[in-house]
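Here the structure comes first, spelled out in structure tokens, and everything after it is commentary.
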Amino acid sequence: MSQQALSRLAAELVAAVVPELADQPTRHRQARDHILREIKADTHGGTRREWEDVERSLKGLAEVSRIRVQDNLADALEKMSNLPQHIQLLLNLANRPQPTTHAFAHSYLHRQPFSGPSVDEILYQEIMSEPFTGPHWGPGYNEEVLEGWTESEGSETSSASDDEVVTPSSKVVGLSKAARARLEEKRKYEEAELRLTEAKSQLDKLKDGAYWEQDGVSVNLVQSGLYGWREMTTETNSLSIATSITEGKSGSKLQRELLFALTGRPGVMFAFDAAGCCTIRPGHPVVRMLSPGSLHGVLVSFAHRATQVASIRQSIAAALRPIPSGSRQHSPQQATTKTQQAFAEACRVELGKFDRWVADLETTLVSGRSQTSPSANVSAASTPLHLRLELEVLHGELLDHIHALLPLADSPVLLLDTLYITLTSLLPTTDISVFTRLFDIFVASAEPVWAMLGDWLRRGMPVPSAILEPDGEAALKGEDDERSLDPEFFIQRDRDAAWADEDFWEAAYVEGEDGWPVWLGGQEVKDLVFEAGKARGLLGGLVGAGPLLEEWKEIGDVLSPVRASLSTDTPSRTAVLDITSLIGSYISPMCTIATFQLRRVIEEDCGLLEHLDAMEGLLFMKEFGIVDDWTAWLFQQMRQNKRWSDFQLLTSTLRDAVSSSSDVWINPILVRASTSRRTSENVSQTVSAIKVDYQVPFPLSQLFTTTSMELRSDIFTFLLRLLHARRSLIDLASFMSDISGRPAGELRRLWSLRHKLAWVFDTLWIWVTARVIALQTQSYRHRLSTLTSLRSMIAAELHHSRKIRNFCFLHESTAAVNESVSALLDMPSSLERSCRDFIAQRSVDGITTTPLPVFVQGRSRRRRRKARTDDSSGESDIEDPRPPEKAGGKEPAVRGDILPTDALAELLEEHVLALRNGVVDLASLESLEEDAGDVRATWGMLAFALEDWK
1 MSQQALSRLA AELVAAVVPE LADQPTRHRQ ARDHILREIK ADTHGGTRRE
51 WEDVERSLKG LAEVSRIRVQ DNLADALEKM SNLPQHIQLL LNLANRPQPT
101 THAFAHSYLH RQPFSGPSVD EILYQEIMSE PFTGPHWGPG YNEEVLEGWT
151 ESEGSETSSA SDDEVVTPSS KVVGLSKAAR ARLEEKRKYE EAELRLTEAK
201 SQLDKLKDGA YWEQDGVSVN LVQSGLYGWR EMTTETNSLS IATSITEGKS
251 GSKLQRELLF ALTGRPGVMF AFDAAGCCTI RPGHPVVRML SPGSLHGVLV
301 SFAHRATQVA SIRQSIAAAL RPIPSGSRQH SPQQATTKTQ QAFAEACRVE
351 LGKFDRWVAD LETTLVSGRS QTSPSANVSA ASTPLHLRLE LEVLHGELLD
401 HIHALLPLAD SPVLLLDTLY ITLTSLLPTT DISVFTRLFD IFVASAEPVW
451 AMLGDWLRRG MPVPSAILEP DGEAALKGED DERSLDPEFF IQRDRDAAWA
501 DEDFWEAAYV EGEDGWPVWL GGQEVKDLVF EAGKARGLLG GLVGAGPLLE
551 EWKEIGDVLS PVRASLSTDT PSRTAVLDIT SLIGSYISPM CTIATFQLRR
601 VIEEDCGLLE HLDAMEGLLF MKEFGIVDDW TAWLFQQMRQ NKRWSDFQLL
651 TSTLRDAVSS SSDVWINPIL VRASTSRRTS ENVSQTVSAI KVDYQVPFPL
701 SQLFTTTSME LRSDIFTFLL RLLHARRSLI DLASFMSDIS GRPAGELRRL
751 WSLRHKLAWV FDTLWIWVTA RVIALQTQSY RHRLSTLTSL RSMIAAELHH
801 SRKIRNFCFL HESTAAVNES VSALLDMPSS LERSCRDFIA QRSVDGITTT
851 PLPVFVQGRS RRRRRKARTD DSSGESDIED PRPPEKAGGK EPAVRGDILP
901 TDALAELLEE HVLALRNGVV DLASLESLEE DAGDVRATWG MLAFALEDWK
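Take a look at the structure:
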């Protein structure tokens, strides 16, 4: 198509859709150009929007309009009854909506459809109108028609013999052209008359055989304002029944209409729309046996039930509709769940019973046989009121419950929970037959979810194969070949929790969006199901499938006692209460067996107790031989200013110390040591940065999580600081005992301070190791031996580690006491510097002493100068404890951080008293925890020991 023709067609389209632009040339030209650009873009592969995007935009615009209380505009966007006006509305919405746009939307929304006769009706009226003239009927009645014989034009000149016979047919051949045309018109007229006669005859047959004449009731409507039989019989004669309908058939006609509506078939009284909604036809016939008001009440009641049944049928058909093999359901909202299909199948069975009941009534109505109802000795099809009564008694309550459950069919948990709650709430009052049918629907609907639960308990949680390989540590970062659970199952995998996460066992598998099913039981059953599924999956990965559980029964077999109690002559009204108890009694043994098997495999096959001994021997310093060898090397390296802070050197030396000891089994490969801080003047702070970790293998890593190992590492660091302080005092005592002269003044006070510090450190060491670690470990092991589920073991491990860490003054509640403990652990360094200052003064006075081992961090003069310049800050990377040298001899220089002996004694007294008072407060602190009494007693033992401080 040429550009000129395309431009002309675009201009015509604009003029047809938006005629008001004819007076606005500029906007008319812009609209035409816009159409041309869109056509070119679509033709040449330009950018265009798919209908899904356009539809999504229109829905969003409609929602925005509804929020802004612009209902006319929103309804007009959702309605597409007239395409040209709808396109014009969309064109008006290209800009911001104006008052004219809202007015157009209102006119478009309330547009009255054309109510005149159709084309066929107009044609029929023209055909049946008199006089019967026109192209449909041929020549009219007043048109002259020539009859008789006519002679040809050449008859005068022709001659014939006497014996020649002249026939009419021979004359016709010789007729003139005008005569032949008149004969043809006459023949057409006769044929039209014959067709008209046949049409009138067919029309009379249709009128005589109409439904309202033969199978219905033809009456005149009663005038408004007339009530009662007397007024209707005396003041009006409008209640007249067609003579073709006898009195005995009027009731049966209404009954048949009601039965038609219950089966979803439209008739004279009722009509059904596409959504299955049953409505009463306007202008329906009036029944002789009922007044208009009572008839309307009957019709409304049956229309409501017919709507319920029709909506149930549509839901069943949608759920059970087969999906073509070559198609896919891309939208999750369109997918049909297994529970929804099972529920639809159960409803189909019950609806089949309802249809058979209606079919029996219709058979009774047609055949005239008397089929008595269970509630009376009369037929349910005898009267409309009795039919309605039987409908409500036999099927009304069940239809109400099924119809109320239809919106929940796409959510398995909500559907089954609602069914279960309905059963429990209606059992005391409802008919036992209705309860039995609802119970059958519940059992059939719960079968898919029950099968998924059986698969969870038999196969367990999905475990990727890479986790169980020797190099599984690298596989912890990926998902590998882990199978997926059914999306309909109420337990789902949280993909944010990886196998390497410390809270994997707790957070990897969680409830679905709709929560835990109420009909399965409470929190106890929930914990058992979660724990058993995880345990069964982990067992399958560790030792294979293992001994399988017994055959998984169907839920109908599990709940058979309830069904049997309902089938008895005197059913129990508390039978439904046994649903959760029966399910719990069936599930609990299986879950307990799975968790116990995992507990046994972890303890026997994975070496739980051996690894626990190794961790406690190393991190809690129970194996003092290993710790003593390694710490002796570490503290010596620090004093001699040798390399020690490299994590590879720390790890290798610790592993060598572990390998040289044969008292307890510790895997050296699992031991690692590191430091997170550079060395400083404060040796205690340098030691506090050293961490030791014991990396347990899988699956024990699920029990001893990262948090648990960090807590144990913090305990080791605290014990290492305390051990370093005690070692420093031992070295200091060895040196002070070698000082010659042994004066009774300053040196005696230093000895006194050293003894007091040693008493404090020994008291803390004995309390932590013997009263805290030993007793808490014994209690923890006893409790661990009684636990079967891995979840409870993880909780016990974290509680045990946190409890010991709190006793090491590393909790927020002990922050004030921790300051005093840290100051006490730093005092050996201050005491050592005071001794060094005393030695320097004695050297000046000429007293010969044994040189004290010094803690030297640097060797170059530049680093020593830097240490002296940073001396006032109290923090330095290099410490040079030696006194400065001068040309004239050695003179002691008192540093700013070297405190006098009296000041050290006062500081020691202050911190010990603060420690004792803080511990007393902790011992008297009330708590709501279960072991609050044990905690107070443990703090009380330390407070009692500190009472000996003088």
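First residue of the sequence shown? That's 1 in the UniProt record's numbering, and the numbers climb one at a time after it.
Ideal Cβ placement from N, Cα and C applies to all residues, glycine included.
Predicted model only: the values in this text are computed from it and were never measured.
Closest by C-alpha distance to residue i, when choosing among the options
| i | options | result |
| --- | --- | --- |
| residue 651 | 636, 631, 640 and 639 | 631 |
| residue 722 | 824, 646 and 791 | 824 |
| residue 831 | 55, 405 and 752 | 752 |
| residue 505 | 516, 531 and 521 | 531 |
| residue 712 | 429, 724, 692 and 731 | 692 |
| residue 983 | 498, 429 and 443 | Absent from the structure is residue 983, since the part of the chain shown begins at 1 and ends at 950. |
| residue 675 | 660, 645 and 697 | 645 |
| residue 433 | 181, 707, 396 and 464 | 396 |
| residue 464 | 457, 438 and 498 | 498 |
| residue 363 | 256, 587 and 336 | 256 |
| residue 939 | 917, 948, 949 and 17 | 917 |
| residue 39 | 946, 3, 67 and 20 | 3 |
| residue 835 | 750, 665 and 261 | 750 |
Residue i - DSSP class collapsed to helix/strand/coil
| i | result |
| --- | --- |
| residue 492 | strand |
| residue 8 | helix |
| residue 674 | strand |
| residue 272 | strand |
| residue 777 | helix |
| residue 666 | coil |
| residue 347 | helix |
| residue 934 | helix |
| residue 1037 | Residue 1037 lies beyond the range of the chain shown here (1 to 950); nothing can be said about it. |
| residue 197 | helix |
| residue 239 | Any reading at residue 239 needs caution, since the residue's pLDDT is 36, under 50, leaving its predicted position unreliable; the model's value is listed next. Coil. |
| residue 623 | coil |
CB of residue i within 7 Å of CB of residue j, strictly
| i | j | result |
| --- | --- | --- |
| residue 62 | residue 78 | yes |
| residue 654 | residue 687 | no |
| residue 729 | residue 694 | no |
| residue 340 | residue 409 | yes |
| residue 727 | residue 761 | no |
| residue 288 | residue 316 | no |
| residue 460 | residue 540 | yes |
| residue 584 | residue 533 | no |
Proximity test, residue i beta-carbon vs the ligand ATP heavy atom, cut-off 6 Å
| i | result |
| --- | --- |
| residue 400 | Annotation note on the ligand ATP: not contained in the displayed structure, which lists no ligands. |
Inter-residue spacing [alpha-carbon to alpha-carbon] between residue i and residue j
| i | j | result |
| --- | --- | --- |
| residue 756 | residue 910 | 13 Å |
| residue 942 | residue 919 | 7 Å |
| residue 703 | residue 793 | 7 Å |
| residue 936 | residue 927 | 9 Å |
| residue 931 | residue 790 | 21 Å |
| residue 97 | residue 91 | 11 Å |
| residue 599 | residue 607 | 11 Å |
| residue 803 | residue 507 | 23 Å |
| residue 272 | residue 82 | 24 Å |
| residue 638 | residue 715 | 22 Å |
| residue 516 | residue 526 | 8 Å |
| residue 107 | residue 72 | 9 Å |
| residue 54 | residue 60 | 10 Å |
| residue 100 | residue 290 | 52 Å |
| residue 89 | residue 104 | 7 Å |
| residue 321 | residue 338 | 13 Å |
Residue i at chain C interface by Cβ criterion, 7 Å
| i | result |
| --- | --- |
| residue 305 | The question asks about chain C, but that chain is absent: this structure has only one protein chain. |
For the structure I just gave you, are there three or more beta carbon pairs, one from the segment 597-608 and one from the segment 757-777, closer than 8 Å? no
Would you be able to state if there are at least three C-beta pairs under 8 Å between the segment 487-500 and the segment 445-464? yes
With contact counted as at least three CB pairs below 8 Å, one residue from each stretch, are the segment 401-415 and the segment 512-520 in contact? Result yes; three or more Cβ-Cβ pairs closer than 8 Å.
Evaluate the contact criterion for the segment 303-314 versus the segment 261-278: three or more CB pairs, one atom per stretch, below 8 Å. A contact is defined here as three or more CB-CB pairs under 8 Å, and the segment 303-314 meets this definition with respect to the segment 261-278.
Taking one C-beta from the segment 755-770 and one from the segment 807-827 each time, how about it: are there three or more such pairs within less than 8 Å? yes
Would you call the segment 385-400 in contact with the segment 296-305, where contact means no fewer than 3 C-beta pairs closer than 8 Å? The way I'd put it, the segment 385-400 does touch the segment 296-305; three or more beta-carbon pairs between them come closer than 8 Å.
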